[in-house]
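Reading through the structure tokens given below for one structure.
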Amino acid sequence: MNENKVPLQEQQQKKLAEMGSYLCQLRTQQSKSIGEIATCTRINARFLRAIEQGKLDQLPEAVYVQGFIKHFADALGLDGDEFAKAFPTGVTVQRSTLSWGNSWIPQLRPFHLYLFYIGLVIGSVSGG
Numbered sequence: 259m260n261e262n263k264v265p266l267q268e269q270q271q272k273k274l275a276e277m278g279s280y281l282c283q284l285r286t287q288q289s290k291s292i293g294e295i296a297t298c299t300r301i302n303a304r305f306l307r308a309i310e311q312g313k314l315d316q317l318p319e320a321v322y323v324q325g326f327i328k329h330f331a332d333a334l335g336l337d338g339d340e341f342a343k344a345f346p347t348g349v350t351v352q353r354s355t356l357s358w359g360n361s362w363i364p365q366l367r368p369f370h371l372y373l374f375y376i377g378l379v380i381g382s383v384s385g386g
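Count the sequence shown with the numbering used here and you get residues 259 to 386, in order.
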């Protein structure tokens with residue numbers, strides 16, 4: 259299990275360094291400060307600095323980092339969704355198409371509850 263994590267972590271580190279450097283360069287070209295980006299994205303400035311510097315060890319789980327990258331890129335005028343997809347999270351998204359019209363989902367309808375509700379209604383109507 260650790261064997262799979264080491265290469266993923268290395269991939270994440272390398273990709274974060276590339277992406278962070280690019281975001282830093284773009285932010286500098288646009289004359290925006292980390293504080294402005296932090297205010298715009300509502301991401302803590304220390305996380306934004308860690309992204310720019312490629313410091314994976316100062317960031318939370320990869321899924322959150324990907325979200326931070328997305329919002330950071332959006333704030334700089336990039337397509338954040340597309341940009342952030344390049345950061346490997348190790349999470350695979352499975353999409354399943356359910357055909358609700360063709361599937362039958364059993365519903366719990368305990369008979370004793372119906373009897374209880376009927377008894378409750380009769381009791382409250384009769385005042386008993």
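All residues carry an ideal CB built from backbone N, CA and C; glycine is no exception.
Supposed close pair residue i, residue j - CB separation, criterion 8 Å
| i | j | result |
| --- | --- | --- |
| residue 310 | residue 281 | 6 Å |
| residue 301 | residue 330 | 7 Å |
| residue 338 | residue 328 | 4 Å |
| residue 278 | residue 312 | 5 Å |
| residue 314 | residue 270 | 6 Å |
Residue-level contact to chain C via CB, residue i, 8 Å cutoff
| i | result |
| --- | --- |
| residue 321 | In the structure shown, chain C cannot be found, because there is only a single protein chain. |
Limits of the alpha helix (DSSP H) - the one that residue i falls within
| i | result |
| --- | --- |
| residue 347 | Where residue 347 is concerned, there is no enclosing alpha helix (DSSP H), given that its DSSP letter is neither H nor E. |
| residue 313 | No alpha helix (DSSP H) contains residue 313, which DSSP labels as neither H nor E. |
| residue 337 | That residue, residue 337, is in no alpha helix (DSSP H); it is neither H nor E in DSSP. |
Local Cβ density within 10 Å of residue i, reported as buried at 16 or more and exposed below that
| i | result |
| --- | --- |
| residue 376 | exposed |
Whole runs of the alpha helix (DSSP H) within the segment 282 to 311, excluding any shorter than 4 residues: Here the runs fully enclosed are 292 to 299 and 303 to 311.
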